[in-house]
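Numbering (full-length UniProt numbering), first residue to last: 1 to 481.
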């Protein structure tokens with residue numbers, strides 16, 4: 001018997017591959033399945049970030065969202081403008097000129113205020129007597145300033161030896177009977193007709209220019225003792241010795257400071273520089289300790305005036321104490337211009353050596369700080385001359401004039417503040433004194449002539465003159481119309 005099929009009659013067996021799609025289609029119709037959403041690759045699970053990573057991420061996010069400092073643009077603009085102005089070849093010239101004009105104008109106002117009582121009560125018959133004289137001296141000084149500012153550099157080098165010789169001769173003339181005159185114990189004046197001249201003020205300019213010329217010529221050649229010392233030491237000794245012989249130790253100290261500044265900048269050999277500095281220090285100590293008056297002044301500073309009474313008119317601390325009283329009573333903004341009480345014969349030399357105290361009393365701390373700021377501005381201008389000049393002669397000479405003008409101002413302010421003993425040095429450009437202001441303004445003329453030698457300064461001056469000339473030409477045409 002053959003094998004019987006187990007399939008039921010009429011049933012079909014799905015044997016071909018075409019049956020699969022039909023089955024799938026039938027299944028899809030019966031129950032549709034939801035489509036799977038496509039996941040991006042970035043959605044893969046990662047390890048949790050560490051604490052340091054989270055902190056770094058937060059910092060980066062904060063840096064991206066931080067608002068800029070509102071004044072940053074203004075500061076950048078100011079910095080760019082400062083760089084532009086600082087690079088201009090005439091910036092140094094105008095810094096020096098504006099500072100000196102400001103100090104001189106302030107000095108005239110304060111001389112009028114501080115000397116009004118002394119001028120009227122002293123037999124002058126007018127409260128403007130000292131002011132009128134000081135204004136005349138300032139006029140002469142500015143005329144010399146303008147003339148000196150046009151002197152070429154080569155001319156100053158040619159005049160150096162002549163200026164030094166004339167300065168020493170004039171200083172020696174104070175000892176000639178009938179010509180020299182002693183004032184308040186100092187034989188440091190020459191009487192010419194109705195005028196008195198203080199040669200030591202002009203000797204300062206001569207010494208600075210002479211040392212600049214000599215040290216610039218000897219630069220790199222001072223290898224032996226004789227080559228280094230001659231003629232430098234004899235010239236310094238002559239200038240300082242004649243001033244000290246006239247009993248003016250304050251001016252002698254300024255001359256010493258000028259000499260040391262010039263020698264230091266002029267690369268004077270170190271061992272010889274130390275020897276010369278020790279010698280000048282020994283001379284200073286000798287003249288301080290050999291004078292009872294100078295020693296008492298030094299003692300009052302060391303003891304803080306504790307051994308002196310504020311009401312002792314003959315005491316060494318009288319002037320210093322009343323200088324401090326004047327500063328203290330001024331407060332922040334002063335008692336008002338012309339309203340000083342110390343100038344009513346309480347403070348000696350109120351219009352001269354102690355004029356800074358009157359400034360503090362009438363204009364207050366604000367006024368004294370303004371004066372110091374202008375002197376700092378002048379010092380900045382002198383430093384620019386030294387740094388930007390390519391001439392060693394200019395650098396050395398400017399260093400000496402810096403030690404004079406800025407150093408003497410610092411000493412004067414220190415004396416008024418009670419930090420230094422009274423040595424009788426005026427405040428440059430501000431204190432009353434004909435020789436002082438004329439010599440100081442002449443020195444500024446020398447500095448301005450140095451500033452004009454800065455690279456590009458000549459072209460800038462020429463362009464400025466052309467602009468001024470064209471401006472006047474335009475105005476003239478408008479006037480004709």
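Even for Gly, the Cβ is constructed at its ideal location relative to N, Cα and C.
All of these numbers come straight from a predicted model, not from anything done at the bench.
Under the rule that 16 or more other beta-carbon atoms within 10 Å means buried, what is residue 248, buried or exposed?
-> Within the chain shown, the letter at position 248 stands for residue 248. Buried.
8 Å contact criterion, which residue 150 and residue 449 should meet: CB distance rounded = Within the chain shown, the letter at position 150 stands for residue 150. Within the chain shown, the letter at position 449 stands for residue 449. Rounded, the Cβ-Cβ distance is 7 Å, consistent with contact.
Cα-Cα separation between residue 295 and residue 419, rounded to whole angstroms | Position 295 of the chain shown, counting from 1, holds the residue named residue 295. Position 419 of the chain shown, counting from 1, holds the residue named residue 419. Using only the alpha carbons, I get a separation of about 15 Å.
Would the beta-carbon of residue 99 fall within 8 Å of that of residue 358?
-> Walking along the chain shown from the start, residue 99 turns up at place 99. Walking along the chain shown from the start, residue 358 turns up at place 358. Their beta carbons are not under 8 Å apart, which means residue 99 does not touch residue 358 by this criterion.
Hey, how far is the Cα of residue 487 from the Cα of residue 195?
-> This structure gives no information on residue 487, because the portion of the chain shown stretches from 1 to 481.
Cut-off 6 Å between Cβ atoms - residues of its own chain near residue 280, not counting five sequence neighbours on either side = For the purposes of this step, residue 280 is taken as residue 280 along the chain shown, with counting starting at 1. The residues are 256.
Among 434, 153, 146, which one has its Cα closest to the Cα of residue 391?
-> If you number the chain shown from 1, residue 391 lands on position 391. If we check each option's Cα against that of residue 391, 153 comes out closest.
4 or more residues per run - each alpha helix (DSSP H) lying fully within the region 197-267 | 199-217, 225-229, 232-245, 249-265
Say yes only if the C-beta of residue 383 is nearer than 7 Å to one or more non-hydrogen atoms of the ligand FMN, and no if none qualify.
-> Judged by which ligands are present, the structure shown has none, so any question about the ligand FMN falls away.
Which listed residue (209, 236, 222, 352) has its alpha carbon closest to that of residue 283 | Taking the first residue of the chain shown as position 1, residue 283 is located at position 283. Measuring C-alpha to C-alpha distances from residue 283 to each of 209, 236, 222, 352 identifies 236 as the nearest.
Out of curiosity, what's the CA-to-CA distance linking residue 125 and residue 432?
-> Start at 1 with the first residue of the chain shown, and residue 125 comes out as number 125. Start at 1 with the first residue of the chain shown, and residue 432 comes out as number 432. Looking at the two C-alpha atoms, the distance is approximately 18 Å.
Unbroken beta strand (DSSP E) run spanning residue 187, endpoints | Here residue 187 is taken as the residue at index 187 of the chain shown, counted from 1. Element bounds for residue 187: 186-192.
Pick from 423, 412, 417, 451: whose alpha carbon is nearest that of residue 429?
-> Reading the chain shown from its first residue, position 429 is the one you call residue 429. It is 412.
Taking three-plus beta-carbon pairs below 8 Å as touching, is the region 391-408 in contact with the region 334-349?
-> Verdict: no, contact absent.
Reduced DSSP category for residue 484 - H, G, I as helix; E, B as strand; rest coil | A question about residue 484 goes unanswered here, because the residues of the chain that appear run from 1 up to 481.
May I ask which residues mark the beginning and end of the beta strand (DSSP E) holding residue 180?
-> Stepping through the chain shown from its first residue, residue 180 is reached at position 180. Run containing residue 180: 180-183, per the beta strand (DSSP E) assignment.
Under 8 Å by Cβ, that's how I've got residue 287 and residue 244 pegged, so tell me the actual separation to the nearest angstrom.
-> Within the chain shown, numbered from 1, the residue matching residue 287 stands at position 287. Within the chain shown, numbered from 1, the residue matching residue 244 stands at position 244. Right, their Cβ atoms sit about 6 Å apart.
For residue 142, does the three-state DSSP call read helix, strand or coil?
-> By one-based count along the chain shown, residue 142 stands at place 142. The answer is helix: DSSP assigns residue 142 an H, G or I state.
Contained beta strand (DSSP E) runs [length at least 3] in the region 333-414, N- to C-terminal order = none
What residue range is occupied by the uninterrupted alpha helix (DSSP H) comprising residue 158?
-> Indexing the chain shown from 1 puts residue 158 at position 158. Note, residue 158: alpha helix (DSSP H), 153-172.
The region 194-213 touching the region 153-166, judged by at least three CB pairs closer than 8 Å | yes
Per DSSP, which one or two residues make a beta bridge with residue 195?
-> Position 195 of the chain shown, counted from the start, is the residue given in the question as residue 195. Answer is 192, bridged to residue 195.
Count the other C-beta atoms from every protein chain shown that fall within 10 angstroms of the C-beta of residue 459, then say buried if there are 16 or more, exposed otherwise.
-> In the chain shown, the residue the question calls residue 459 occupies position 459. Residue 459 should be labelled exposed.
Nearest-angstrom Cα separation, counted from residue 224 out to residue 436 = Translated into the one-based positions of the chain shown, residue 436 becomes position 436. Translated into the one-based positions of the chain shown, residue 224 becomes position 224. Between the C-alpha atoms of residue 436 and residue 224 there is a straight-line separation of about 38 Å.
Alpha-carbon spacing of residue 182 relative to residue 189, whole angstroms | Counting from one through the chain shown, the residue named residue 182 turns up at place 182. Counting from one through the chain shown, the residue named residue 189 turns up at place 189. Looking at the two C-alpha atoms, the distance is approximately 6 Å.
Find the nearest neighbour of residue 416 within the set 387, 373, 355, judged by alpha-carbon distance.
-> Indexing the chain shown from 1 puts residue 416 at position 416. Of 387, 373, 355, the residue nearest in Cα terms is 355.
Nonlocal neighbours in the same chain, by C-beta distance under 6 Å from residue 444, ignoring five residues either side | To locate residue 444, count along the chain shown from 1; it is residue 444. Hits under 6 Å: 100, 145.
Give the DSSP-derived three-state secondary structure of residue 450 in the structure shown.
-> On the chain shown, residue 450 is found 450 positions in, with the first residue counted as 1. Three-state DSSP puts residue 450 in a helix.
Classification of residue 318 by the beta-carbon crowding that lies within 10 angstroms, buried from 16 upward | As a working mapping, residue 318 is identified with position 318 in the chain shown. By the Cβ neighbour-count rule, residue 318 is buried, with 16 or more other Cβ atoms within 10 Å of its own.
Take residue 426 and list the residues in its own chain whose beta-carbon comes closer than 7 Å to its own, dropping the five residues that flank it on each side.
-> Looking up residue 426 in the chain shown gives position 426. Result list for residue 426: 352, 353, 412, 433, 436, in chain order.
Pairwise C-alpha distance: residue 259 and residue 80 = Along the chain shown, one-based indexing puts residue 80 at 80. Along the chain shown, one-based indexing puts residue 259 at 259. For residue 80 and residue 259, the distance between alpha carbons rounds to 39 Å.
Can you give the Cα-Cα distance for residue 289 and residue 252, rounded to whole angstroms?
-> In the chain shown, residue 289 corresponds to position 289, counting from 1. In the chain shown, residue 252 corresponds to position 252, counting from 1. A straight line joining the alpha-carbon of residue 289 with that of residue 252 spans about 16 Å.
Contacting residues, own chain, Cβ-Cβ under 7 Å from residue 22 (five flanking each side not counted) | Looking up residue 22 in the chain shown gives position 22. Because the pLDDT of residue 22 is 42, which lies under 50, any placement of that residue in the model is unreliable, and the question is left without a value.
Determine the contact status of residue 187 and residue 246, defining contact as a CB-CB distance below 8 Å.
-> Mapped onto the chain shown, residue 187 falls at position 187. Mapped onto the chain shown, residue 246 falls at position 246. It is a contact, given that the beta carbons lie within the stated cut-off.
Length of the line joining the Cα atoms of residue 165 and residue 370 | For this step, residue 165 is matched to residue 165 along the chain shown. For this step, residue 370 is matched to residue 370 along the chain shown. Taking the straight line joining both Cα atoms gives about 39 Å.
Check residue 150 in the structure and name its three-state DSSP category.
-> Residue numbering aside, residue 150 sits at position 150 when the chain shown is read from its first letter. Coil at residue 150, not helix or strand.
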